[in-house]
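In what follows, a structure is listed as structure tokens, so that the remarks can point back to it.
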């Protein structure tokens, strides 16, 4: 079943919301370095779970959009890996909030997962550039910001920049979803170049 206008609009809002909670989530993680107690940790856990839920909906909607509207399946494997990667990162984040004794071990696992996710983001953005359409005028900006975010993740010390770049990519993707919702598949067929 093709992705609907309502699903595209919802994906757009979820993507924008995900971008908006990225900054408080980053600030909260820094705040946790200095403050002890259950309140801040619970807030961080809630932000982590909400962010994961938003990401899962958005990335699934992107896959459906690429498959249905563009007949593009080249990034399906990367999207599946990104889904599992985000689930693993969320679990590691939640475990690091709850386990004081294993904190250094969890940090090492998280850094390794971030590096892997950065490499995956670079590969995803590079492969997505092969899309024959222009993703409603935002293909290159989305791909380049995603690749830049991946590079920052791989360096690890640029993690805050990676999170900001990821928020920018989420906004770009959200706008793409809104544009897709306004354009029917028939309009895309009529405007597509003949190959």
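Residue numbers (our numbering): 277 to 471. Beta carbons: idealized from backbone N, C-alpha and C, even for Gly.
- For residue 418, the three-state secondary structure derived from DSSP is helix.
- Distance from residue 334 to residue 294 at the Cβ level is roughly 6 Å; contact confirmed, criterion being Cβ atoms closer than 8 Å.
- In the three-state reduction of the DSSP assignment, residue 302 falls in the helix class.
- In this structure, DSSP gives residue 406 a state outside helix and strand, which the three-state scheme calls coil.
- Using a 10 angstroms sphere on the CB of residue 388, the tally of other CB atoms stays under 16, which defines it as exposed.
- Residue environment analysis places residue 324 among the buried positions, since at least 16 neighbouring C-beta atoms fall within 10 angstroms of its C-beta.
- Sorting 459, 403, 447 by C-alpha distance to the C-alpha of residue 331 places 447 at the top.
- For residue 283, the number of other beta carbons within 10 angstroms of its own is at least 16, and it is reported as buried.
- Secondary structure at residue 277: coil, using DSSP grouped into helix, strand and coil.
- Here residue 314 is exposed: its Cβ has fewer than 16 other Cβ atoms, across all protein chains shown, within 10 Å.
- Within the same chain, Cβ atoms closer than 7 Å to the Cβ of residue 399 are found at 354, the five residues on either side in sequence being excluded.
- Contact between residue 337 and residue 287 is confirmed by a C-beta separation of about 4 Å, below the 8 Å threshold.
- Contact between the region 343-360 and the region 416-434 is not established, with fewer than three Cβ pairs separated by less than 8 Å.
- DSSP places residue 459 outside both helix and strand once states are collapsed to three, so it counts as coil.
- Taking C-beta separations shorter than 6 Å and ignoring five residues to either side along the sequence, the partners of residue 443 in its chain run 295, 298, following chain order.
- Ranked by Cα distance from residue 410, the options 277, 383, 449, 285 are led by 449.
- Residue 351 sits in coil when the DSSP states are folded into three classes, being neither helix nor strand.
- In the structure shown, residue 411 adopts coil according to DSSP, grouped into three states.
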